[in-house]
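Please read the structure below before turning to the comments.
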């Protein structure tokens, strides 16, 4: 096994190995898990429904998703359904070390005698750490040895952002080519790290990723970004295994993006800066689901929100919802807090930063790390960074003013807060588990391609979350069902319904 | 020509005939049209764009859509684009008589020398009137005579709710069968009227509707209901001509339903009852776009809103938006105002009415007239109706309490208010005009079937409405466009995007 | 009796006289009254509490307050409590003719045999009509004759805006002076009418108003304006009788102004213009209670609201509530709808009007008729008025654009809608009735001066409105009461508490 | 000098002593102070206005107020205006140790060579610590020695909650009586500590507090609670020195309570529990300013809010704002989060807790620590407390369910979050500084009694906060000023105006 590049490592010879910040945090993490379970009724319902039949028996799931408390409940749900799991985070800052500890130690283990799941994640990984961790979820030699098997790969991926999927695809591509290309000048630092990892891998094995790819029954992908990559692979006929697009379940994209951000954006702003949101002028770039949740949250706190949009339909929605819609250039001098939720790059640039008010705040809740042009800021002449506290940097600019950049321009709801809350993630993750079951148990339904979950499962996810909120669902009478031609138990809407 | 069954008729031998309440209302109507034009920038932009090229030259459009001020601007836009038009309302209560007069008289005419469009509509038609009016839009003998043509049918339908389309389909069906069936016990009064109309038609001509059907290049349909019928016809292979589903343009269904109802529901409640909405408990059946708009409007007036839903996804949305979600049965005694926006039937029934508070209000903003079980109320023993004012009835119930039923259970935003406001309808109707152009000018693109407008036209509709609201649209840089793989000018979203 | 200057007059020799638009509207008005009674639980509770003891027996109340449906319920409550009443409206446009008819005819009368209250009010009075009507409420000769009494004045005033009170004070002042002054150049048209009335009165009687003043036990005043006049009279030691400032009851000013306007402003805009409020830019001048209600209502309809303020505290409140706060001059070109609720004069001036967008709407919901500088508009060179419909005027301006002025710049929630709804007015009017009882029954508590109702009565008004809204009030335990030093039954707050 | 009972102490012989958690936190605290200064424009404006004239020269202010970042900016403002200051916190949990360190070390000092203000406060004091700290702000012997003076007391108090004021009054009372009474069975643990402190003091000196009281020019009090005590003292003629009630400045009570809680309640909930607020049922006890802010914040996050009230006026306001108003008993089983903001005691009791849902959350944002009946919970048979993390306790109840109690029932916005944000506190503290100036510089205006700041100063506080929010204030024209009788520069409202 590769040597771990950094913190506390625990690899007793007979127990599942892991690499986390501190196993002693397991008890604190376990408290959080117990509380989270109460807020994740979808996952708990799946444990109740499938805990005996264990449909995921035999599944070896390589998970790459923020190692948070909520993910811990997901992991233990997958295990309760029969799966084996190895886990890494999909973001260098998003791991909650107590949750990782609880997962590594397990509900019945102790820090001294851990009995949990192999997890490789800690808050504040370097990029080298990160890709080392990602490799660990593909190395199932310990499990294979324990089972007396020879093949040492996973058979499922559960992905967030597509890094795990990308690694397999690139690894196989370079193996087929017989070489890893040299980095070019325009390659990011991160891509260089990936190339190094694969170069090292190719030196060790000429077909490692090819075999892993062949063994995979499929991937379930959490995010817009990852889904986008999957559709690109599929349309280029390069996709190697079937994929379920969890992101576009209604109960994921319309809940996670909108209601999750509504919660975690002000939470992150508060933890990072303690600045009163009320009365402030806030600029929200993008009025998709993320932007809608952001704008609603900030208005709910008494801010005056200005929205920007490239799509005239969403722009018109923003106007009809009572928001000023303007270009960043038109209002940059008036704004106190900048929020970017577009999914595009270079949305907030140094030319804007130089015009901002003193101590204006920049917060990214989109997906791509480069929504804020941090690369340009880092090389801006005369710009000086002063760390106020972790994930909060004051940048003193040649304008004579400072700005506050949260989480180094990365997702601040993860870096400055704790990400989406459990109830939201219960929706997303119940989709994930159902998607894992679909791909693993019914491979005949899913030839290589990208799928969304059938609407009745999407509706099921919602249904599993109603009781916890005291929602009474109305039931169609047989006559009403016949009248509108909709089954009493659903699905209730056509696929293209917009909610 | 058939003899008109009721009010003021005007049919000078040389002018286009019409039948409306009072041509003297034309000046008042023209004032309203002028104001509405300022609120319908999409239609006015189409007049500017296509007023010279006149792409609808040669189109003979049979229009069946609420004869309101906004429809008047639509009609004059169609005419400005070269079309000939005949018009009926699609609802017996929704005609605004001044708008009808303005259209009949025309911008350059006078009540004495009308020079407008043949329109057959007045507020308060009987069902017999209604279907008589609908027949008039299919009789183009005057226009044919003027043009020296022999064929006397329209070549396009612009429909709302599908009555015009249904008449053609049923007419042809019965002509093929050689007979109109007898009404059965379960047939509604209205369907009996339709059967009578077609029986009379069949007696006059054995192929009138068959020929009309053959001459039609297509229909553009405004509503969920009408679209539903079209898809049913298409899937039964009975659809006779291509159809564009205008309803499912984003700029129609997500604007008209949500923002239109948000405006016109409280407007209708106020005009009908003057009851303070603030502090009241309001029940909103259905949390689709209509229900969302209703709930937002009522909360915005300080009401406490309780929502009901059959779909767990929409139910969860309602809960996440902060609304109590309950079955009608659970809360009926507490509610002051009942709003139904489901599109289903028998949602509010006499069993509920008997439990309601004294002077509880019942308002239908769904679509089907039978959302409120008026039929059962009308035969409920001991129930007495007292008209408070037009479209507002007190029903004294055997419970010893009264309830207020608006617009006889029909669409109260039309019956008690003036329907959706101009700006909302400008979005819907700009879609209508673009759809008429598509079907009429590009028949090769649309074999018989049901289509939605391509996304770039949907986005165009939105774009034409931004300036009026002072919206500044952000423009993608070429680099950003390339980065996310979206053209600078759109379309910006995949077809299944939910907005 | 003076000859009435205009419409349908009814003065049968034996019945109480009145002058209204049309007694045949009584049945329609009675329907409205019945519905309103259900929405005015405070007044109905007073009828239940005091209907037997009739504490107002002997009171002769001269009422000057908008003759609406709600006022009709107030009048019949006063009568139920034993009072005799004569009534005029306090605004030339605000009378609802059906309500006036119902009051004049009475619950047991018929248009042919009226048995109601002497009421002198119709929609669309001239100023001469108005002041003639106001005089009628001071002439109780019919009632005196019926009772065999010689003195023919009222003993109480119930006033709105202070016109009735002013007439008495001015009348007495001029009688003492022995002459009515000539009008000066700066006197308004209305004040000239008042001077004429009093000049005529003085010619008839040298001590009419002096005697009336002497006979008055007090006045209860409804509005900010009227209260302001009362405090001025009191501080100048010119107040002639005790006054209760009903306006400053919490259940009046914080309810009527805020929640009443929240309801009736959008209602008036809708009835007047049918313009979609959603997406519009609305300017609200003043962020007192009226402005707060206006801003909340418009935001609730999806408008973007910009507020102006002169008071830094209220300005800061507006900002903290998420509104842009700007001077009219800074934003006039962007605004679609202008709402004035300041209580000051010349807030919206022709210099602003000339910069407004085409068909911008101007709506006054403040109090003074001159909030909009209509006087300057009327003499603006090149400005042309086109009546769109009653109370809605298009003014074509030399800017080449038009604006829409509602209700000629007067209170549009009365002129274009039906004023505050019943439930709000029930709060105000329950205060009025309690204030009448206080002044009439407990004169010893109120030497000449201006008073607000004691807090326990203010709280009582609120209490009488809770059941109708399903509100459950929490009751202090004796221990809790002792702990915070507040009686279990109230009063709960110190006098200066701000709510 | 008394020996400090606990943590890191620093008392170099020549420097001002202090006692805080860790002086090494000074740099981190200084960063926070710099950011806070940008959010506290009122205080910074006072430094600009009075930094040269130094009106507080000679003032020795004994401060007892939460030792937070914001208070640090207040302290340094007082110093900039010439005052000497000694400081303790007014709450055992609310100290932010980095802020205390920054104050102790001073802007020009270092942890090794501190040059700041004597501050005695750390997060997590015992009650014994707390009252020891409070004593330190009254012992000015070091300052007196440095100044060559003999009298060693302060001449001003700046108080929050009245503890400092109470200590002086009780100390003097017992000195006059010659004895400190024995604690009785009903005395709280805290009062017993106070008695011990004063008993010890009396043993050392028979007139210490009597002399301190005599030397005090006055107190400015921050809170409702403290103000309540002051009015009680005044009405019992026991108040020893003049007091300014800062709490009832509009810019304090209507801002701090409402907008501060709106910000810090969800912040505290998030930091404590990470529970999604959206979709939850939240109970808010009390609809005063605190309750209004709480309800608005939670609705803004998508919660369904149920309010309780004892005052019918506030209850009616809650209903008119769209909230269900119910007794706790009626809804306790449905509620997910309980928020208490009443200012009363025993609002949420064990009888309620036993009926709550599993893991229901209890949060106190009122003032009194006993709003939640923690005393009864602590002795409830079968109840077990499990600390989840600091300030978050799970209580396992004999109901078989658990509840989560935040901050041990104390103010959770301080204990679980960081209290009101800087901008809100800038309003409160600008009032404090103006009040200190008034009492210290103009003693002739304030004989012994309790005062609120004159309205023009209240308005000044607001005015100093407008620029930071981009607010443009409208200015009355001379004509408008004359017309409404309000000076152009204010004050704009009568004293009893409710805002």
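Protein chains in written order, with the UniProt record's numbering: chain A, 1 to 499; chain B, 1 to 499; chain C, 1 to 499; chain D, 1 to 499.
For glycine and all other residues, C-beta sits at the position ideal for the given N, C-alpha and C.
Interface residues of chain B facing residue i [CB-CB closer than 9 Å]
{"i": "residue 345(A)", "result": "479, 480, 483, 484"}
{"i": "residue 321(D)", "result": "278, 279, 302"}
{"i": "residue 314(A)", "result": "462, 492, 493, 499"}
{"i": "residue 407(C)", "result": "Neighbours of residue 407(C) on chain B: none; closest Cβ ~17 Å, over 9 Å."}
As assigned by DSSP and simplified to three states, the class of residue i
{"i": "residue 18(C)", "result": "strand"}
{"i": "residue 498(C)", "result": "coil"}
{"i": "residue 292(D)", "result": "helix"}
{"i": "residue 394(C)", "result": "strand"}
{"i": "residue 125(A)", "result": "coil"}
{"i": "residue 221(B)", "result": "strand"}
{"i": "residue 370(D)", "result": "helix"}
{"i": "residue 451(A)", "result": "strand"}
9 Å Cβ cut-off: residues of chain C touching residue i
{"i": "residue 330(D)", "result": "472"}
{"i": "residue 475(D)", "result": "310, 327"}
Contacts that residue i makes with chain C (C-beta to C-beta distance below 7 Å)
{"i": "residue 492(D)", "result": "310, 311"}
Cβ-Cβ separation, residue j to residue i (assumed contact under 8 Å), whole Å
{"i": "residue 47(B)", "j": "residue 77(B)", "result": "6 Å"}
Under 7 Å by beta carbon: chain A residues contacting residue i
{"i": "residue 560(D)", "result": "Here chain D comprises residues numbered 1 to 499, so residue 560(D) is not present and cannot be evaluated."}
Cross-chain neighbours of residue i in chain D, by beta carbon under 8 Å
{"i": "residue 259(C)", "result": "320"}
Chain-ordered neighbours of residue i on chain B, where CB pairs are closer than 7 Å
{"i": "residue 262(C)", "result": "278, 301, 302"}
Closer than 7 Å at the beta carbon, the chain D residues around residue i
{"i": "residue 324(B)", "result": "304"}
Neighbour list for residue i in chain A, Cβ cutoff strictly below 8 Å
{"i": "residue 239(D)", "result": "Here the premise fails: no neighbours, minimum Cβ distance about 34 Å."}
Beta strand (DSSP E) runs contained entirely in the segment 239-278 of chain B, provided each spans 3 or more residues: 243-245
Ignoring anything shorter than 4 residues, give me the alpha helix (DSSP H) runs that lie fully in the segment 403-430 of chain D, in order along the chain. 412-415
Output, in sequence order along the chain, the residues in the segment 62-91 of chain B whose CB is closer than 8 Å to any CB in chain C. 69
Taking only runs of the alpha helix (DSSP H) that begin and end inside the segment 70-105 of chain A, which ones reach a length of at least 4 residues, in chain order? 97-105
Output needed in chain order: residues of the segment 454-469 of chain C with a Cβ under 7 Å from some Cβ in chain B. Those residues of the segment 454-469 of chain C that come within reach of chain B (Cβ to Cβ, closer than 7 Å) are 469.
Which residues, in order along the segment 241-254 of chain D, keep a beta-carbon less than 7 Å from a beta-carbon of chain C? 250, 251, 254
With a floor of 4 residues, list each alpha helix (DSSP H) that falls wholly inside the segment 468-493 of chain D, ordered by position along the chain. 478-484
Going along the segment 28-46 of chain A in order, which residues come within less than 7 Å of chain D, judged by CB to CB distance? Result list: 28, 31, 35, 38, 39.
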